[in-house]
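Student:
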Amino acid sequence: MTRQPSTSAASSRKCACPQCHCPVPAGKAVVRDGKAYCSTACAYECTESTCVCVHDRCDDKPHAH
Numbered sequence: 783m784t785r786q787p788s789t790s791a792a793s794s795r796k797c798a799c800p801q802c803h804c805p806v807p808a809g810k811a812v813v814r815d816g817k818a819y820c821s822t823a824c825a826y827e828c829t830e831s832t833c834v835c836v837h838d839r840c841d842d843k844p845h846a847h
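In the numbering used here, the protein residues as written are 783 to 847.
#1: From the DSSP output, in three-state form, read off alanine 808 for me.
#2: Let me check one thing: in DSSP terms, what residues is lysine 813 bridge-paired to?
#3: Taking serine 794 as the reference, give the member of Arg814, Ala808, Cys804, Val813 with the closest Cα.
#4: Give me, in chain order, the residues of the same chain whose beta-carbon lies closer than 6 Å to that of aspartate 838; leave out the 5 immediate sequence neighbours on both sides.
#5: Using the Cα positions of glutamate 830 and glycine 816, report the straight-line distance between them to the nearest angstrom.
Below is the structure:
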């Protein structure tokens, strides 16, 4: 049996924001200080304790609606 390499781990990773749960698809990252973020908001506005992610898929974080 031949094992196929997994492409999901290579094609996306978690946003570098510690509070964000979004994946970062390859080629779509916003890079700041050598870290890959899912959006400009996460790259420049989030803090260690507060995430302002604009993506709906970041569903583990409470949203203000």
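We put the beta carbon where it would ideally sit given N, CA and C, even for glycine.
Tutor: Per the coordinate set shown:
#1: In the sequence shown, residue 808 corresponds to position 26, counting from 1. Here alanine 808 sits in coil by DSSP.
#2: Mapped onto the sequence shown, residue 813 falls at position 31. According to the sequence provided, residue 813 is valine. The question's lysine does not apply to it. Here valine 813 is bridged, per DSSP, to Ala818.
#3: Translated into positions along the sequence shown, residue 794 becomes position 12. Selected option, being the one with the closest Cα: Ala808.
#4: On the sequence shown, residue 838 is found 56 positions in, with the first residue counted as 1. Within the same chain, no residue comes within 6 Å of aspartate 838 by CB-CB distance, once the 5 residues on both sides are set aside.
#5: For the purposes of this step, residue 830 is taken as the residue at position 48 of the sequence shown. For the purposes of this step, residue 816 is taken as the residue at position 34 of the sequence shown. A direct Cα-to-Cα measurement between glutamate 830 and glycine 816 gives close to 17 Å.
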